[in-house]
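The structure under discussion appears below in the form of structure tokens.
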Amino acid sequence: MCARYLIFIFYFLLFTNKSFSQQPTQTIRGVVVDNSSKSPLPFANVILLNTNPIIGTSTDNDGNFRLTNIPVGRYDLKVSYIGYEPSIIREIQISSAKETFLTIPLKENSFKLDEVIIKPNVNKEQALNSLASVSARMLSVDEASRYAGGFDDPARLAASFAGVASNIGNNGIVVRGNSPKYLQWKMEGVEIPNPNHFADLSSFGGGGLTALSTKMLANSDFFTGAFPSEYGNALSGIFDIFMRNGNNQNHEHSVELGAIGIEVGSEGPFIKGSNSSYLFNYRYSTLGLVAPLLPDDAGGTNYQDISFKLNFPTKGLGTFSVWGIGLIDESGQKTETDSTKWFYNQDKETVNVKQFMAASGINHIYFPNKKTYVKTTLAATVNGIDLSTDKINSNLNLLPENKINNKNWNFVLSSFINNKFNARHTNKTGIILTGLKYDLFLEQALLNSEGLQTIVNENGFSSLLSGYSNSTLNFTENLTMNVGVNAQVFTLNNNYTIEPRLGLKWQINPIQSVGFAYGLHSRLERLSYYFSKDFANNNTLYNKNLDFTKAHHLVLSYDLNLTSNVHLKLESYFQQLYNVPVISDSSFSFINLENDWFFNHKLMNDGEGRNYGLDLTLERYLTKGFYYMVTASLFDSKYKGGDDVWRDTRFNRNYLLNILAGQEWQLGKNNANVLGVNFRLSYQGGDRYSPANKAASDIIKDVVFDETKAYSRQLPSTFNVHFTISYKINKENSSYEIALKVLNATMAKDFFGFQYNHIKHTIDEQRELIFIPNLSFKIEF
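Per the numbering used here, the very first residue in the sequence shown carries number 55; after that it's consecutive.
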């Protein structure tokens with residue numbers, strides 16, 4: 055019914071849409087700032103490159119610019135300023151319904167004053183954070199909504215980058231062979247809980263789709279290794295997410311209806327003519343409409359999220375902003391009452407899951423002078439899970455199997471001062487103080503027991519204290535160094551870490567550069583593991599003194615601009631992990647930990663790991679309506695458990711390949727409408743697994759693995775195809791878009807482990823098909 059309704063809307067718009075008397079136009083606004091000090095640059099030149107006649111302007115005293123009556127379409131924009139390196143902003147999409155606002159940083163050049171002889175920078179592939187020398191890429195909001203397989207989700211977009219792997223049904227991001235749980239999510243400079251819906255259920259660090267709507271986000275950064283010193287408590291990768299400001303001059307709204315839910319958004323000024331603004335988005339999703347295409351009981355899954363940002367510039371006191379994000383999830387399954395259908399343990403179980411996550415904060419940015427700015431954030435985050443599992447017995451009575459009732463609150467003060475001493479030296483120094491309040495309760499039934507044993511029952515308060523300093527030094531016109539240090543203290547057990555960071559970048563010539571970076575990085579484990587109890591010894595907490603898990607990162611990179619529109623990047627890397635929690639005389643290691651909530655063993659920080667590989671990215675920017683990106687990775691991921699034996703990790707896929715391409719056509723009268731076709735091909739090695747011990751499994755009627763051969767087997771390689779087709783109609787002050795976004799068009803089944811078959815007494819693979827064709831209709835006005 056929903057699909058037929060959307061198709062009707064499409065044909066109605068296509069054939070009844072009245073011709074325009076003139077082509078729809080829109081306004082491009084923005085601000086040009088110094089890359090290091092963030093101070094505005096007055097009288098910079100701003101030019102649209104692909105217009106005839108040329109359209110351009112200059113920034114005012116506050117660095118602001120405005121280009122009006124720009125016909126809808128895509129444009130490249132060049133910005134130049136005397137004494138600074140020019141910059142080209144690619145692929146700017148102009149829609150009739152929404153103004154486009156850009157913040158454009160320029161880098162001061164202290165060695166040349168003649169801007170004409172300097173080749174412009176194309177910063178699309180570079181991180182927004184100028185302290186990053188290697189292994190960082192800007193997360194483009196436009197790409198997240200356009201790339202096939204992205205599903206308007208930044209996390210799924212990242213899975214198409216070099217060195218990054220993930221599955222269809224699990225949003226867990228495996229960066230360079232590391233577990234998803236070692237990834238850090240940051241919003242507005244503050245670490246937030248995993249923002250995925252149904253986070254951590256099938257894999258710690260994973261989930262379904264994130265609560266991060268592309269309609270709310272500014273361009274952000276994604277790091278895959280050797281992070282700058284401002285980033286602590288992260289081991290594999292970092293999502294550094296920022297929200298954009300709402301339009302402070304005009305009200306703009308959007309409504310989207312699709313097969314998996316609805317989404318509404320709004321933005322605009324609080325008071326017409328003021329500089330303050332609001333930005334708001336709400337989503338409600340139910341998978342009931344696509345239930346036949348999903349695993350059993352997934353159709354009863356419901357989730358919703360909300361996000362907002364309020365922005366208040368002042369004349370003398372800086373800029374204040376209030377932001378927030380939250381989600382609520384609910385799902386479950388019912389037990390099968392017919393005992394002849396009890397094939398697997400899950401058929402006997404009733405499961406109810408409720409989850410929530412929220413983060414909110416107040417930011418303040420103050421510029422005491424043109425060389426210095428101070429940013430301070432006060433924030434609070436919370437996340438919780440309430441999960442209960444009951445198992446039916448032979449008398450058809452439900453008995454408790456396990457229970458989780460966890461809540462974690464973080465209270466954060468983050469503040470830094472950024473000082474540009476001169477064109478050759480900029481320093482950023484700050485602190486992050488995080489109060490950790492926890493209320494943890496986990497119970498699980500013992501084997502052949504009808505009662506529950508308490509695994510963790512703790513509540514209290516601790517803290518993670520962090521400080522950092524980083525300097526950017528421009529030694530010559532072509533050689534830049536980022537050097538810094540990060541220090542952290544975990545007050546629960548007073549463990550600390552001091553971590554040096556170093557990055558070098560040498561611009562060989564205008565089209566080639568090489569980079570090198572080193573960093574020592576660390577991450578805490580989940581708080582519940584610090585409170586595992588020794589039941590045989592007066593319930594002592596034998597894991598309370600667990601140290602940080604740490605890793606040395608080394609990266610060597612090479613960048614080459616093959617043409618003005620085609621870019622090649624190669625990165626080789628080596629990571630040495632140590633202090634990894636392991637069990638003595640066992641192959642077990644936290645490197646491979648997936649989703650064991652009820653872990654209750656004594657751990658030691660004696661484990662190791664190593665990851666090394668080569669990442670390649672070949673990208674053609676969107677030019678004349680066409681783009682492509684090819685990413686490939688060859689890597690090896692090994693670990694050493696408590697038995698001192700080196701083995702493959704669970705995540706050692708060995709190779710990854712992604713091919714993305716798309717084409718846009720300007721159609722209709724005055725080329726006002728846009729037809730887009732995008733696809734992504736993904737081919738990657740299979741996950742590793744341990745072989746099952748059939749004899750031991752038959753005894754307890756559950757899967758028992760041969761841990762002496764841990765992860766010695768590998769699943770077959772997987773091949774997935776995703777595609778997106780969209781048609782957008784631009785009318786004066788409004789637009790309409792119908793889109794079909796297909797996830798997993800090849801209908802490949804994800805692997806979810808093994809199950810013991812109680813009827814056949816066999817050990818069966820658990821594979822589930824997740825195929826989502828999301829047909830949607832969006833109105834912007």
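In this text, a Cβ means the ideal position worked out from N, Cα and C, and glycines have one as well.
6 Å CB neighbourhood of residue i in its chain, flanking five on each side removed
i	result
proline 125	Gln77 and Thr79
phenylalanine 334	Ser320 and Phe362
arginine 707	Ala219, Gln738 and Gly739
leucine 676	Glu145
leucine 769	Gly740, Asp741 and Phe805
leucine 710	Ala219, Ser687 and Gln738
lysine 832	Glu310 and Glu791
valine 428	Tyr420 and Ile471
Per DSSP, the bridge partner or partners of residue i
i	result
serine 707	Strictly speaking, residue 707 in this sequence is arginine, with serine absent from that position. Its beta-bridge partners do not exist; DSSP assigns none.
proline 454	Asp444
proline 94	Val87
glutamine 542	Ser520 and Thr551
glutamine 820	Glutamine 820 pairs with nothing; no bridge assigned.
aspartate 588	Thr594
leucine 103	None, per the DSSP bridge assignment.
tyrosine 357	Ser339 and Asp383
histidine 418	Phe374 and Thr430
methionine 270	Answer by DSSP bridge pairing: none, since methionine 270 is not bridged.
Close-in-space but distant-in-sequence residues of the same chain around residue i (CB under 8 Å, 5 per side omitted)
i	result
glutamine 630	Ala605, His606, Glu662, Gly663 and Arg664
isoleucine 172	With a pLDDT of only 46 at isoleucine 172, under the threshold of 50, the placement of this residue in the model should not be trusted; the figure read from the coordinates follows. Within the same chain, isoleucine 172 has close Cβ partners Glu139, Pro140, Asn163 and Lys166.
phenylalanine 773	Leu735, Ser736, Tyr737, Thr800 and Ala802
threonine 426	Ser91, Ile471, Asn472, Asn473 and Lys474
proline 96	Thr113, Asp114, Asn115, Asp116 and Gly117
leucine 103	Tyr129, Asp130, Leu131, Lys132 and Ile142
Neighbour-count burial assignment, residue i, 16 or more Cβ in a 10 Å radius
i	result
glutamate 531	exposed
asparagine 646	buried
glutamate 819	exposed
aspartate 116	exposed
leucine 501	exposed
phenylalanine 296	buried
isoleucine 82	buried
threonine 816	exposed
phenylalanine 589	exposed
glycine 695	buried
valine 699	exposed
alanine 313	buried
glycine 127	buried
arginine 555	buried
asparagine 548	exposed
phenylalanine 281	buried
arginine 337	buried
alanine 181	buried
Proximity below 8 Å, CB of residue i to CB of residue j
i	j	result
valine 757	phenylalanine 808	yes
glutamate 384	aspartate 401	no
aspartate 275	alanine 190	yes
glycine 378	phenylalanine 705	no
leucine 581	glutamine 542	no
aspartate 613	serine 567	yes
tryptophan 844	glycine 679	Lying outside 55 to 835, the shown extent of the chain, residue 844 is not represented and no answer is given.
asparagine 406	asparagine 437	no
lysine 782	serine 788	no
glycine 667	valine 188	no
threonine 268	valine 195	yes
isoleucine 246	threonine 435	yes
asparagine 304	serine 331	no
leucine 452	threonine 404	yes
glycine 716	serine 780	no
glycine 260	histidine 251	no
Contact set for residue i: own chain, Cβ-Cβ below 7 Å, skip 5 residues either direction
i	result
tyrosine 201	Leu211, Ser214, Leu714, Asn732 and Arg734
serine 643	Val634, Val636, Gly661, Tyr693 and Gly695
Any non-hydrogen atom of the ligand ATP closer than 7 Å to residue i Cβ
i	result
serine 233	In terms of ligand content, the structure shown is empty, and the ligand ATP therefore cannot be addressed.
Is the stretch 787 to 804 touching the stretch 198 to 207, taking contact as three or more C-beta pairs under 8 Å? yes
Segment contact, 8 Å Cβ cut-off, at least three pairs: the stretch 282 to 299 with the stretch 232 to 242: yes
Segment contact, 8 Å Cβ cut-off, at least three pairs: the stretch 362 to 377 with the stretch 393 to 403: no
Check whether the stretch 482 to 497 touches the stretch 507 to 516, taking contact to mean three or more Cβ pairs, one atom from each stretch, closer than 8 Å. yes
Inter-stretch contact (C-beta, 8 Å, three-pair minimum) for the stretch 679 to 692 and the stretch 635 to 643: no
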